[in-house]
Structures are given as C-alpha cells and as structure tokens.
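Asks: Below: one structure in structure tokens.
Residue numbers (the numbering used here), protein chains in the order written: chain A, 1353 to 1497; chain B, 1353 to 1497; chain C, 1353 to 1497; chain D, 1353 to 1497.
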C-alpha cells in the first residue's frame, strides 16, 4: 500500500497500550521500535531462554514478533476501538535466527473493512550487518472492543 | 500416513535428547507426552508470561509447540543422525488459546528423503473438555548432523 | 467437525447451480461427486490441455478443484443466499498429479459467521489404486448475495 | 534478493523451452513477458472459459500463472540441467480477477542448493490502470534432469 492513512488519529497510543498488555512481548524483552500507519517494527534481543535445539531463536518466537508486528500494522489502519485478531499466517524460514537482535517488520498490504492482509519480515542483526531470517504472509481481522 | 515405520530404532531417545536442549520448551514448561513413529504430542500448562493482549496464549507460543511436535514427528521417520529444520508452516487460528493446558499433535503425512510434510493441531483442555485452537500444515527438512 | 448441520435445507441445489456457472469447471470436465453438509467432492478426468512441463496436471488446476471443493464445503453450512469467497489457501504438493482422474475432497473444519476454515485433499486414481497428490488448508468468507 | 546472478548463462532458453511444453499455459493463452535472473513475468488475457461462478478468473488460474512465474524465477538461478518442482505455496486473494489481462510477477527472495523461496504477485490491468489481485509466498525445489 502506498502511504496508507490512519483513520484513528490515536492509533499509536492504542497500539502501545495494547502491546504493553502482552505478557509474552515483555517476557522476551521485545519493544516497539516503529509505529506508523500500516507499518510496525518490533525489536528483541537474543535470549538464551528462547532457543531451539541448535541454540538459535525458536521459530515460534520469530513468528511471535512478526505476527505481533503484522497485527498492529493492520490495527493501525482500523477505526477507533478496533482490536485485531490473527486469522492465519504462513512463514518461510530463510536462515537461522542468531545474532545480537531480531527486528520484525509488519506491513499492511491490503486493508479492508473486516480483513487486512499483511506482509512481514524478520531480520537478524549481527556484527553491524543484517540477514533475513523469515518472511510472513498473514490475514488479520478487525473486531470491535 | 498409515502406520509409518521408524528406520532408526533409537528415534525416541534421539528426539527426547533434542527436545531437552530446547531452551524455549523448558522456559514455557512444555513436555513430550507422546513420541511414536510419525506422531509426536507436546503438552504445556497455561502460563501468565505467555499471553497476548487479551490474556490468551500468544499465537507464537501456540505455533512453537505445534511446530516442535510436527518437527519431531518428521524427525521420527528419518535415518539415524538426522536433524530436522522447519522449512515453512501455515497456521489457522480457530479459537482463543485459553484453559488449563494446551496439547499439540504433530503428524507426518508424507515422508520423503529430503522433505516431510506434516499436519498439526493444537487443543485447549478446559474443565474436562477440549476445543481445537489451531491447525498447521508444515514442511520439514532432514539435515545430516 | 463432527456431523455438521446445514442451516439452509436447499444448500445442495444452491451449490449445484453455482458450480454450473463456473466456466473453468466446465472447461476442465470437473463434476460434483458429493455434496453433503460440510463436505464436497469434485472429480475430473486427466486432460492433456491441463499439464505442466512434465506432462502432469498443473498445480494450478489441482488447486482449482480443491479450492472449489473447499469453498462449497464452507458454503454448504452458510445461511440461505450466502455466497463464498476464497480469502486464502495454502497447498503442499505430495506427488505428481498423474493417472486417470483426480478427486478433490473439501471439508469444513471450523465454521463461523464470517469465516470458515477448510481442509482439502486431492487424490489421483491410477489403475484401481489411489495416491495423495496435495493437501490444502484454506480460509473461506461468507458474503451476502 | 539484490541483483541475483544466473549461474547458467542459458537460463532463458531453458525456461522458454520448458514453458512451451506446458499444455495449460498454452490453453489459457499465457506468455512469458520477462525472463531475468530471479524474476519472471507471465501475462494472460481474460478468458471466458476460465471463470468461477461470478465471472471472474478462477483462483486456480490466478494461482497457476503466479506459480509458474515463481517456479521459473527460482529455476533461473539454478545450475544447468535443473528442473523445478513446486513444494508448496500460499496465496492471499486481494481483489476479484477481472479486467483485460492479468500479469503475474514471480521473484526469488532466497535461493539455496535445494530450495528457493519466492514471492509472487498478480495484477489485473483494467482501462489503463492496474490493481493487485493476489500475493503468493512459495517454496520451489531444484531437481536434476
């Protein structure tokens, strides 16, 4: 979507309040690093308690941050008092999730009254560089509070 | 798959050893409750630090346990010294993940030399009953240790 | 879903009328072989004009029949005057689509007011036997006529 | 992927030869409109025999052209004598497939020895403008001829 507009001018505080209520995001040390209309970024540091059997961040945690980024990217374009539910997502894993931190980027690519389709990416930042870890294609649903 | 056979007779110890190395599975209190050829179950109790903004278990954690169950279901049919990587998965969410515990069921539905396709389900157990929370369709890849 | 019930007693004629309007289903010789509440089957003969580069039925055609079967499986449980749209689907290909005919089976696994989640399979019938060709996980949406 | 390089300098003739063998692509009037390293475009005119029940191009045909575009985008980066198989794909439908022609764009986003992950889009061209119809996320596999 080119330059989407938020119909709720308070979308950012709405999203930040909701994010703060997510026990998992707090538990893994994740933070919102960008909240714009149709685009939300989430960062998290590498955490030893979040690994799979090879010591990389578990696919479920990689998914958790990009799902959250996509969900709020969709939510940013919804009317006031809208909440967002994940209908479904698909994730391809492109390289192991290792490094100093992960950054998840969620973007709304088509926003409708009920459903919003999002695209997400997760990047691992390592030694000043970055590599792509995963890509997501997701469907989000607006629900009234 | 009807009655798949494990070519590695030590598949169960291999899987239990690998599972024990997963920091995330330990952190969320998950346990292997069934390890059979082509089918693996994982259970976890409801945990307050694992929630999204409405107090349900986060989609990423639901995904983590069913991804792990599917991965080991695939791994159970692989030759000795094989490890498993998640290529990709798709998850549909059918009802909120609330209740006393979640049970993830992973099954191999087509096992090949390189790739194995799996189907997964997550059930929430509540007050003696259960409801389906999510379904997964996934591709797993064998890699030599 | 265990024994789903159709709220529209005329669901079968509704589905058969809609199916007859699908130019593609006619062009490829596909036919409805079962129309039950929450479950629809579609059969098609092998066709030389439907192949990919190795002479197997093209993935897009395999997808077309199982998408249609899943869509009508969802539609069978919707109220009168409901039409169905495909929101999204995911397909894994398990073996080449060759043989005398293909049979697609679509089932509703969770039916809601707006969205229905379906599971689909495509089987190739060859020399009196059959093999599984593809599995689908899909989201369908009810729309008022 | 930024500026991927084709290791097989004959990738274009290889792809054009393979495309010409696809019965379905011929039957629907599809043509290769771009064949570059890691990116392939396919165009097709609107066809009355390709519709679903509302007169739009069937989801399966939309899928067929973007699957083919993604498959050859992956194939363009593979070694000589490589063929490509579709492992799986996921498609979200964003608007009805109507208009004068459809253009499918397939891009390789991560190319490995065995598997290549691709992203695809389908655009409908109508009255000099265009709208996005569908997005795909797919996994392709290299096989030796």
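Cβ coordinates follow ideal geometry from the N, Cα and C atoms, glycine included.
Since we're looking at a predicted model, the values are computed, not measured.
(1) As a quick exercise: from 1422/B, 1483/B, 1381/B, 1374/B, pick the residue whose alpha carbon is nearest that of residue 1409/A.
(2) Once you ignore the five residues that flank residue 1458/A on each side, which residues in its own chain have a CB closer than 6 Å to its CB?
(3) Here's the rule I'm using: 16 or more other beta-carbon atoms within 10 Å means buried, otherwise exposed. How should residue 1372/C be labelled?
(4) Please state if the CB of residue 1411/A and the CB of residue 1361/B are separated by a distance shorter than 8 Å.
(5) Residues in its own chain within less than 6 Å of residue 1302/D by CB, not counting five upstream and five downstream?
(6) For residue 1468/D, does the three-state DSSP call read helix, strand or coil?
(7) For residue 1398/C, which residues in the same chain have their Cβ closer than 8 Å to its Cβ, ignoring the five residues on either side in sequence?
(8) Going by Cα to Cα distance, which pick from 1413/B, 1460/B, 1428/B, 1400/B is closest to residue 1365/B?
(9) In this structure, what does DSSP give as the bridge partners for residue 1477/D?
(10) Residue 1455/D CB to nearest chain A CB: under 8 Å?
(11) Specify, as a first and last residue, the run of the beta strand (DSSP E) that residue 1418/D falls within.
(12) What residues of chain C sit near residue 1469/B, judged by a beta carbon separation below 8 Å?
(13) Would residue 1440/C and residue 1495/C be called neighbours here (beta carbons separated by less than 8 Å)?
(14) First and last residue of the alpha helix (DSSP H) that includes residue 1445/D?
(15) Excluding sequence positions up to five away, which residues of its chain have a Cβ less than 6 Å from the Cβ of residue 1490/C?
(16) Compare the beta carbon distance of residue 1486/D and residue 1478/D with 8 Å and say whether it is the shorter of the two.
(17) Return the residues of the stretch 1414–1447 of chain C that lie within a Cβ-Cβ distance of less than 7 Å from chain D, sorted by chain order.
(18) Which residues in chain C sit within 9 Å of residue 1386/B, going by Cβ to Cβ distance?
(19) Chain A partners of residue 1379/B, CB-CB under 8 Å?
(20) When the Cα atoms are used, what is the spatial distance from residue 1370/C to residue 1405/D?
(21) Where does residue 1357/B sit, in a helix, a strand or coil, going by DSSP?
(22) By Cβ distance below 7 Å, which residues in the same chain neighbour residue 1461/C in space, the five residues on each side in sequence not counted?
(23) Just checking: is the beta-carbon of residue 1491/C within a distance shorter than 8 Å of some beta-carbon in chain B?
(24) For residue 1394/D versus residue 1476/D, is the C-beta spacing smaller than 8 Å?
(25) How many Å lie between residue 1446/B and residue 1418/B at the Cα?
(26) With respect to the alpha helix (DSSP H) encompassing residue 1376/C, which residues constitute its N-terminal and C-terminal limits?
(27) Just the chain D side, please: which residues come within less than 7 Å of residue 1466/B by C-beta, in chain order?
Replies: The relevant details are as follows:
(1) Answer by Cα proximity: 1374/B.
(2) Cβ neighbours of residue 1458/A beyond the five flanking positions: 1392, 1421, 1422, 1425, 1470, 1472.
(3) Residue 1372/C comes out exposed.
(4) Between residue 1361/B and residue 1411/A, the C-beta gap is not smaller than 8 Å, which leaves the two residues out of contact.
(5) It is not possible to answer for residue 1302/D, since the shown part of chain D is limited to 1353 through 1497.
(6) In this structure, residue 1468/D counts as strand in the three-state DSSP scheme.
(7) Closer than 8 Å at the Cβ level, and outside the excluded window around residue 1398/C, lie 1409, 1450, 1451, 1452, 1453, 1454.
(8) For the residues 1413/B, 1460/B, 1428/B, 1400/B, the minimum Cα distance to residue 1365/B belongs to 1428/B.
(9) 1453/D, 1482/D, per the DSSP bridge assignment.
(10) No - not a single Cβ of chain A is within 8 Å of the one on residue 1455/D.
(11) Where residue 1418/D is concerned, there is no enclosing beta strand (DSSP E), although the alpha helix (DSSP H) it sits in stretches over 1411–1427.
(12) Ordered by position in chain C, the residues that pass the 8 Å Cβ test against residue 1469/B are 1444, 1446, 1487.
(13) One thing to note: residue 1440/C has its Cβ no nearer than 8 Å to the Cβ of residue 1495/C.
(14) Per DSSP, residue 1445/D belongs to no alpha helix (DSSP H); it is in the beta strand (DSSP E), 1434–1445.
(15) So the qualifying residues of the chain are 1422, 1441, 1470.
(16) Cβ distance not < 8 Å, so residue 1486/D and residue 1478/D don't count as in contact.
(17) Listed by position along the chain: 1415, 1416, 1419, 1438, 1439, 1440, 1441, 1442, 1443, 1444, 1445.
(18) Here the premise fails: no neighbours, minimum Cβ distance about 22 Å.
(19) Ordered by position in chain A, the residues that pass the 8 Å Cβ test against residue 1379/B are 1401, 1402.
(20) Between residue 1370/C and residue 1405/D, the C-alpha separation is close to 6 Å.
(21) Coil at residue 1357/B, not helix or strand.
(22) The beta carbon of residue 1461/C is closer than 7 Å to those of 1353, 1469, 1470, 1471 in its chain, skipping five residues each way along the sequence.
(23) Yes, because at least one Cβ of chain B sits closer than 8 Å to the Cβ of residue 1491/C.
(24) Taking 8 Å as the cut-off, the beta carbon of residue 1394/D is found no closer than this to the beta carbon of residue 1476/D.
(25) Cα to Cα, the separation comes out at about 14 Å.
(26) It spans 1375–1379 - the alpha helix (DSSP H) in which residue 1376/C sits, taken as one unbroken run.
(27) Listed along chain D, the residues sitting closer than 7 Å to residue 1466/B by beta-carbon distance are 1466.
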